[in-house]
Amino acid sequence: MSARSDATSMAQHASEQSFDVIVVGAGFAGLYQLYQLRKKGFSVRLLEAGAKPGGIWYWNCYPGARVDTHVPIYEYSMESLWQEWNWSERFPGRDELRRYFDYVDEKLDLSRDIDYDTRVTGAEFDTQENQWRIETESGPLYSAQYFVLCTGFAAKPYIPDLKGLKEFQGPCHHTALWPQEGLDLAGKRVGVIGTGASGVQVIQEAAAEAAHLTIFQRTPMIALPMQQQALSPEGQAREKLSYRERYARRPETGAGFDYTGREDTALEHSQEERDAVYDGLWQAGGLRFWAANFMDIGRDEDANLTAYNFWKERTRARIKDPALHEKLAPDVPPHPFGTKRPSLEQNYYEVFNQDNVHLVDLKDTPILEITESGIRTGEKHIDLDVIVLATGFDAVTGGLTQIDIRGTQGKTLKEKWAEGVRTHLGIASTGFPNLLFLYGPQSPAGFCNGPTCAEVQGDWIIGLLEHMRGGNGRRIEPTAKAEETWNGIMEEIVADTLLPKADSWYMGANIPGKPRQLLNFPGVAIYMDFCKACADNGYEGFSIS
Ligand code: N01
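So for the sequence shown, the numbering used here puts the first residue at -16; every next one is plus one.
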């Protein structure tokens, strides 16, 4: 290093703020890390790109944004928090979720240790000092012994390379980059591209307000009835008697809910028996038809088809125009049911009975280009005032690889994972010492209720940091062998499921060129057994020095 760059580097270090732990992301996972680590005496700073806490619920302020996990399962299990908090609906909307985060922030006094409007852009590991040096878009530099990334699974929106997209003169927003001040759709000609969970939610709102709504669908969504309910404070006071048991059950289930999948198979039952089960799950609503269903639905195509056919019949009965039946609920499933995440809907299928709503099936008439005033398909030009890009995310890995993270082997995390993700337990990656990620690739993340994993995976990470602080070392990273073993376990799991049969974000298949692999570990309880065994065996698979 030259004398000049030496001096620059010393000056940089002098202006750095230094901590034991830097946490990135003020969603469920990051806030939990901040609160618990601070309580245990670590010096912690949380860096957040948004202006307020909430993570995904800060950014996703598009019309209709609403959680698809029921409360009280979708909240922290800390009694000091839930005793004094009540919800107005079983599946709360975005504004209420944001109020919950403000409440948590105030109760736990979190914001004093958070730097908002601070997007982390890069980080480099200093092998001499065992410190991460962290850069931000707005300028401030930080250093920390441990760098804990809680960026969530959907931190990097995906905008497809549509010809002419920049030409459009009206408002055009991705759902996760929606203007915080809102956008009035009333009386407008609105086009929505994408029919995933975000698309379904915007469509339901826009259909009620827009003069005309055009829905550009590539793949039909297999959406399930939400069965929304209003909640009263009195009802919740009664329910709270069972909260402790319900929270204790969350990590013992498949998806971190208060229910789990059945142990019997669809195919061992007669159609009548099966349909009775399906009907019960349907009426109960939420994600039960997916996550509390027969054990073979996710593994056996014949079993899967029985669930799909039940869904198809129920759904078609709601759509008046028979020509739309095949478009929205086709005879042949677009992919096995549940291999793409089902969305919850309230009146999604009735929307297509409205005169102001028009479906464009992109398989018949693809988008040719976006113009100044609308969208040209293979059939015609559609005049629009607003375009909504509900086109999803570079999910699970994108939030991590969009940060220029440089480890000890001369590679960025993005370069290391260019051919596929490798981690140990979905928590750390070889060559990136003292870097830990929560809700990340090869952990349950997309298959796990957020608050559940924030707590159980979060506690495991906190345990690891306490272990290190207890005089066991200053540097930790997985061995290459442990990564290969974990990857082998993931491959074995995916081979036993129907998941590879869909071009889903679970498989990395929604992003052109992204390696195709199962990005998340399906099964919270089993995953936590692996984590516990690792810790019980002295953090087996990690090299500590
Ligand atoms: O994204 P998606 P999302 N031309 O990837 C289409 C969670 N979430 O933001 O299916 C035309 O699911 C794409 O089509 P196809 C939830 O976990 C939760 O909706 O690839 N269309 C698809 O229809 C969810 O799974 C909540 O053929 C294009 C859509 O865009 C995850 O976030 C609410 C296209 C993308 O769907 C992601 O959901 C919202 C193109 N070039 C989100 N490219 C709740 O809690 C993509 N598409 C309720």
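Quick reminder that beta carbons are idealized off the backbone N, C-alpha and C, glycines included. Please read these numbers as outputs of a predicted model, since none were measured by experiment.
Pairwise C-alpha distance: Glu58 and Glu72: As a first step, residue 72 is located in the sequence shown; it is residue number 89 there, counting from the start. As a first step, residue 58 is located in the sequence shown; it is residue number 75 there, counting from the start. C-alpha separation (whole angstroms): 13 Å.
Using the three-state DSSP reduction, which class does Ile205 fall into: helix, strand or coil? Along the sequence shown, read from residue 1 onward, the residue named residue 205 stands at position 222. Coil, per DSSP.
Taking only heavy atoms of the ligand N01 into account, decide whether any of them is closer than 6 Å to the Cβ of Ile494. As a working note, residue 494 is residue 511 in the sequence shown. Checking every heavy atom of the ligand N01 against the Cβ of Ile494, none is found closer than 6 Å.
CA-CA distance, Gln200 and Pro349? As a first step, residue 200 must be located in the sequence shown, where it is residue number 217. As a first step, residue 349 must be located in the sequence shown, where it is residue number 366. Roughly 9 Å separates the two Cα atoms.
Evaluate the contact criterion for the region 316 to 325 versus the region 189 to 205: three or more CB pairs, one atom per stretch, below 8 Å. yes
Below 8 Å on the Cβ atoms is my contact criterion, and I expect Ile410 with Leu419 to pass it. Report the Cβ-Cβ distance as a whole number of Å. The residue you call residue 410 lines up with position 427 of the sequence shown. The residue you call residue 419 lines up with position 436 of the sequence shown. With 8 Å as the limit, Ile410 and Leu419 qualify as a contact, their Cβ atoms being about 6 Å apart.
For His450, does the three-state DSSP call read helix, strand or coil? Mapped onto the sequence shown, residue 450 falls at position 467. Reduced to three states, the DSSP call for His450 is helix.
Beta-carbon proximity check, Asn432 vs Gly239, cutoff 7 Å: Here residue 432 refers to the residue found at position 449 of the sequence shown. Here residue 239 refers to the residue found at position 256 of the sequence shown. Yes, these two residues count as a Cβ contact at 7 Å.
Which partner residues of Glu107 appear in the DSSP bridge assignment? On the sequence shown, position 124 is the one that residue 107 refers to. Paired residues: Arg116, Arg389.
Assess, as a yes-or-no matter, whether the region 328 to 342 is touched by the region 491 to 498 under the definition of 3 or more beta carbon pairs within less than 8 Å. no
Which residues in the same chain have their Cβ closer than 6 Å to the Cβ of Tyr45, if we skip the five residues on either side of it in sequence? Translated into positions along the sequence shown, residue 45 becomes position 62. These residues qualify, in order along the chain: Thr158, Trp161, Val185.
Same chain only: Cβ atoms within 7 Å of Arg299, ignoring 5 sequence neighbours per side: In the sequence shown, the residue the question calls residue 299 occupies position 316. So the list reads His308, Ala312, once near-sequence residues are dropped.
Would you call Thr435 buried or exposed, if buried means 16 or more other Cβ atoms sit within 10 Å of its Cβ? Taking the sequence shown and counting its residues from 1, one reaches residue 435 at position 452. Buried, by the Cβ-count rule.
Taking Cβ to Cβ, would you say Val103 is nearer than 7 Å to Val7? For the purposes of this step, residue 103 is identified with residue 120 of the sequence shown, where counting begins at 1. For the purposes of this step, residue 7 is identified with residue 24 of the sequence shown, where counting begins at 1. Contact flag set, yes.
Quick one: is the Cβ of Asp262 within less than 6 Å of any heavy atom of the ligand N01? Taking the sequence shown and counting its residues from 1, one reaches residue 262 at position 279. No, since every heavy atom of the ligand N01 falls outside the 6 Å radius drawn around the Cβ of Asp262.
Please find out if some non-hydrogen atom of the ligand N01 comes closer than 6 Å to the beta-carbon of Trp488. Position 505 of the sequence shown, counted from the first residue, corresponds to residue 488. Flag set: Cβ of Trp488 near the ligand N01.
Straight-line CA distance for Met61 to Lys90? Here residue 61 is taken as the residue at index 78 of the sequence shown, counted from 1. Here residue 90 is taken as the residue at index 107 of the sequence shown, counted from 1. Near 11 Å, if we compare the C-alpha coordinates of Lys90 and Met61.
Using a Cβ-based criterion (distance less than 6 Å to any ligand heavy atom), does Arg81 qualify as near the ligand N01? Here residue 81 corresponds to residue number 98 of the sequence shown, with the count starting at 1. No - the ligand N01 has no heavy atom lying nearer than 6 Å to the Cβ of Arg81.
Can you grab the Cα-Cα spacing for the pair Ser528 / Ile97, in whole Å? Locating residue 528 in the sequence shown gives position 545, counting from the first residue. Locating residue 97 in the sequence shown gives position 114, counting from the first residue. Cα to Cα, Ser528 sits roughly 30 Å from Ile97.
State the CB to CB distance for the pair Gly429 and Ala138, rounded to an integer number of angstroms; the pair is presumed to be in contact (CB under 8 Å). Taking the first residue of the sequence shown as position 1, residue 429 is located at position 446. Taking the first residue of the sequence shown as position 1, residue 138 is located at position 155. That belief does not hold up - the Cβ atoms of Gly429 and Ala138 are roughly 13 Å apart, past 8 Å.
Could you give the distance in angstroms between the alpha-carbon of Ala306 and the alpha-carbon of Leu327? What you label residue 306 is simply residue 323 of the sequence shown in a count that begins at 1. What you label residue 327 is simply residue 344 of the sequence shown in a count that begins at 1. Cα to Cα, the separation comes out at about 23 Å.
Count the other CB atoms within 10 Å of the CB of Ser412; is the residue buried (16 or more) or exposed (fewer)? For the purposes of this step, residue 412 is taken as residue 429 along the sequence shown, with counting starting at 1. Ser412 comes out buried.
Kindly examine the ligand N01 and report whether one of its heavy atoms sits closer than 6 Å to the Cβ of Ile39. Counted from its first residue, the sequence shown places residue 39 at position 56. No, the Cβ of Ile39 stays beyond 6 Å of every heavy atom of the ligand N01.
Residue range of the unbroken alpha helix (DSSP H) whose run includes Glu475: Position 492 of the sequence shown holds residue 475. Glu475 -> alpha helix (DSSP H) spans 463 to 478.
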